[in-house]
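Protein chains in written order, with this note's numbering: chain A, 10 to 325; chain B, 44 to 306.
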């Protein structure tokens, strides 16, 4: 089901959370809302879910005006960052909730809950209470709960934000697989660009209550629409009025006319790559990314003088 | 070592302030023997006093429970102008002396008060009768449920309620299935405190009831009456029963609670 946001604005007191935002989310896609904290991404998601009301503007779900619909009427599944598990109910009861309030037959509820327990790999945990689950298990339970009533849209608000790095990586590839199987229109909010690029078909970059760019992950990185996207998605150096990615800087040991002199301030070996911080003669700092072989050849070390030259730059 | 000092201090304080007087009541109640105690307690006017006290509690406690929960929800969940004022007003009965409450009801429902003449024309006696005693008791026991529920509601937050809404629950279903189970211990504790306060109310009821033996005399009023008439065994006996009722309610709650938490 498609989601259309038209000219939506929202203020919280003096804070302009959303400033005339318009956005089209195509049905069946997995979309990420990416932005720094305070960019309005969560507010936008909550407005789509009906958990907040826009001051002005319109929300259309599957082509129909949903602006005035309550959360209950919208038929969206919502997953909260801190799980919002029903603490007094066990896993089965949590998952069954959306079906029970719809007064579905008992047998149907039971089989649907079994199906979902398997889908989120929580078989055998049905009788546990949320307090007896790990964070990752709780979030999977919350996902199963949101999916139970077969929502037309699945909305996730920083779903993996409260989990540790390993569980996070596991869950996000799992979310991707789940989406490939169900093709439910899915929108998730994240401040982690790697997460957005890794999981989503489309990424919506937000900043200060506005949409900066909507693009596929690769396009976002290769053809950022403006300076904000350039600097927020992936690392970038500013050289004069041009922007250069750390891997688009060539480092050599001898000057050749087009290069600038710089001093190595720090070298970090990350296993698969080497990152270095350079200080140019005019005091400008540069981040450089090298392959292991390049770094080995240059024998980079702190204090060393090198010569750098951008191989590709972007000017806005 | 410091741990024991603290523990001892706390226990000693409780013993002197709480347990010693209760023990005294217990001992004195049996001073003239069990027969005398039984005779006092089975006196028709004493039985009436207990019935009256319980009847008032049976009316006041449910009303204040309902009000307390609604009020707490209004204070915590609904952002409306004046929520702070409501929050403050709820505590008023704790700040005002019950005697003042009684006097204000006296002024309100008396012959020259705002409401008194209206009720009198319609043949309803408020003062010196059952209604004023109920009103006075409701007033003094008003804050307890709200006071217990408000912090619990704040602590659990509203994410679970929002989740219930996204799952298709309406307001009523959300309240019954999500909010109420989360706050039930706060409500129960509030009910216990309210009940204890209702059973023990003296000041406000003393002013408005007229203290007519066998008619508008509650158990606490009868304790005072018996004491003033040099019927010490009677006074202590009734006091003992009142204290026992409160202790039973508290103990019952304490016994119930851990089982529920382990589930």
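Backbone N, C-alpha and C fix where the C-beta goes; we use that ideal spot for every residue, glycine too.
Does residue i come within less than 8 angstroms of chain A when only Cβ atoms are used?
i: residue 190 of chain B; result: no
i: residue 208 of chain B; result: yes
i: residue 194 of chain B; result: no
i: residue 127 of chain B; result: no
i: residue 287 of chain B; result: no
i: residue 212 of chain B; result: yes
i: residue 224 of chain B; result: yes
i: residue 221 of chain B; result: yes
i: residue 205 of chain B; result: yes
i: residue 198 of chain B; result: no
Determine, for residue i, whether the minimum Cβ-Cβ distance to residues of chain B falls below 8 angstroms.
i: residue 148 of chain A; result: no
i: residue 238 of chain A; result: no
i: residue 141 of chain A; result: no
i: residue 198 of chain A; result: no
i: residue 111 of chain A; result: yes
i: residue 60 of chain A; result: yes
i: residue 107 of chain A; result: yes
i: residue 85 of chain A; result: yes
i: residue 93 of chain A; result: yes
i: residue 52 of chain A; result: no
i: residue 158 of chain A; result: yes
i: residue 89 of chain A; result: yes
CB residue i to CB residue j, shorter than 8 angstroms?
i: residue 72 of chain B; j: residue 280 of chain B; result: yes
i: residue 287 of chain A; j: residue 261 of chain A; result: no
i: residue 111 of chain B; j: residue 192 of chain B; result: yes
i: residue 125 of chain A; j: residue 157 of chain A; result: yes
i: residue 5 of chain A; j: residue 141 of chain A; result: Only positions 10 to 325 of chain A appear in the structure, and residue 5 of chain A is not among them; the question remains open.
i: residue 250 of chain B; j: residue 142 of chain B; result: yes
i: residue 273 of chain A; j: residue 227 of chain A; result: no
i: residue 135 of chain A; j: residue 210 of chain B; result: no
i: residue 296 of chain B; j: residue 235 of chain B; result: yes
i: residue 19 of chain A; j: residue 61 of chain A; result: yes
What's the gap between the Cα of residue i and the Cα of residue j?
i: residue 233 of chain A; j: residue 46 of chain A; result: 20 angstroms
i: residue 256 of chain B; j: residue 116 of chain B; result: 41 angstroms
i: residue 277 of chain A; j: residue 285 of chain A; result: 6 angstroms
i: residue 96 of chain B; j: residue 262 of chain B; result: 6 angstroms
i: residue 264 of chain B; j: residue 102 of chain B; result: 19 angstroms
i: residue 305 of chain B; j: residue 215 of chain A; result: For residue 305 of chain B, the predicted model reports a pLDDT of 40, less than 50, meaning its position is unreliable; a value from the coordinates is still stated below. So the alpha carbons of these two residues sit roughly 45 angstroms apart.
i: residue 207 of chain B; j: residue 129 of chain A; result: 20 angstroms
i: residue 85 of chain A; j: residue 162 of chain A; result: 5 angstroms
i: residue 17 of chain A; j: residue 46 of chain B; result: 60 angstroms
i: residue 224 of chain B; j: residue 67 of chain A; result: 36 angstroms
i: residue 26 of chain A; j: residue 164 of chain A; result: 19 angstroms
i: residue 42 of chain A; j: residue 250 of chain A; result: 28 angstroms
i: residue 105 of chain A; j: residue 225 of chain A; result: 36 angstroms
i: residue 194 of chain A; j: residue 208 of chain A; result: 13 angstroms
i: residue 63 of chain A; j: residue 155 of chain A; result: 23 angstroms
i: residue 233 of chain B; j: residue 291 of chain B; result: 16 angstroms
i: residue 210 of chain A; j: residue 300 of chain B; result: 50 angstroms
i: residue 150 of chain B; j: residue 128 of chain B; result: 25 angstroms
i: residue 282 of chain B; j: residue 260 of chain B; result: 14 angstroms
i: residue 53 of chain B; j: residue 138 of chain A; result: 37 angstroms
i: residue 217 of chain A; j: residue 289 of chain A; result: 32 angstroms
i: residue 282 of chain A; j: residue 301 of chain A; result: 5 angstroms
Worksheet entry | the stretch 94-101 of chain A contacting the stretch 237-245 of chain B, beta-carbon criterion three pairs below 8 angstroms | Per the Cβ contact rule, the stretch 94-101 of chain A is not in contact with the stretch 237-245 of chain B (fewer than 3 Cβ pairs under 8 angstroms).
Discussion item. As an exercise, report each continuous alpha helix (DSSP H) stretch of at least 4 residues that is fully enclosed by the stretch 22-110 of chain A, in chain order.
Written reply: The qualifying runs are 50-58, 80-83 and 100-109.
Discussion item. Runs of 4 residues minimum, wholly inside the stretch 165-223 of chain B: which ones carry the alpha helix (DSSP H) assignment?
Written reply: DSSP runs (the alpha helix (DSSP H)) wholly in the stretch 165-223 of chain B: 173-183, 186-199, 202-209 and 214-217.
Worksheet item: Any chance the stretch 10-20 of chain A sits against the stretch 31-40 of chain A, with 3 or more Cβ pairs inside 8 angstroms?
Response: The stretch 10-20 of chain A vs the stretch 31-40 of chain A: in contact.
Discussion item. For the structure I just gave you, are there three or more beta carbon pairs, one from the stretch 306-320 of chain A and one from the stretch 265-272 of chain A, closer than 8 angstroms?
Written reply: The stretch 306-320 of chain A is in contact with the stretch 265-272 of chain A.
Worksheet entry | Any 3 or more C-beta pairs closer than 8 angstroms across the stretch 179-186 of chain A and the stretch 102-122 of chain A | Judged by pairs of C-beta atoms under 8 angstroms, the stretch 179-186 of chain A does not touch the stretch 102-122 of chain A, as fewer than three such pairs exist.
Worksheet entry | the stretch 76-92 of chain B touching the stretch 271-279 of chain B, judged by at least three CB pairs closer than 8 angstroms | Judged by Cβ distances under 8 angstroms, the stretch 76-92 of chain B makes contact with the stretch 271-279 of chain B, as three or more pairs qualify.
Discussion item. Ignoring anything shorter than 3 residues, give me the beta strand (DSSP E) runs that lie fully in the stretch 97-177 of chain A, in order along the chain.
Written reply: The qualifying runs are 162-166.
Worksheet item: Within the chosen definition, does the stretch 122-141 of chain B reach the stretch 179-191 of chain B through at least 3 CB pairs nearer than 8 angstroms?
Response: By the Cβ criterion, the stretch 122-141 of chain B is in contact with the stretch 179-191 of chain B, since at least three pairs of Cβ atoms, one from each stretch, lie closer than 8 angstroms.
Worksheet entry | beta strand (DSSP E) runs wholly inside the stretch 176-245 of chain A, at least 3 long, in chain order | Qualifying beta strand (DSSP E) stretches, in chain order: 194-199, 211-216 and 219-224.
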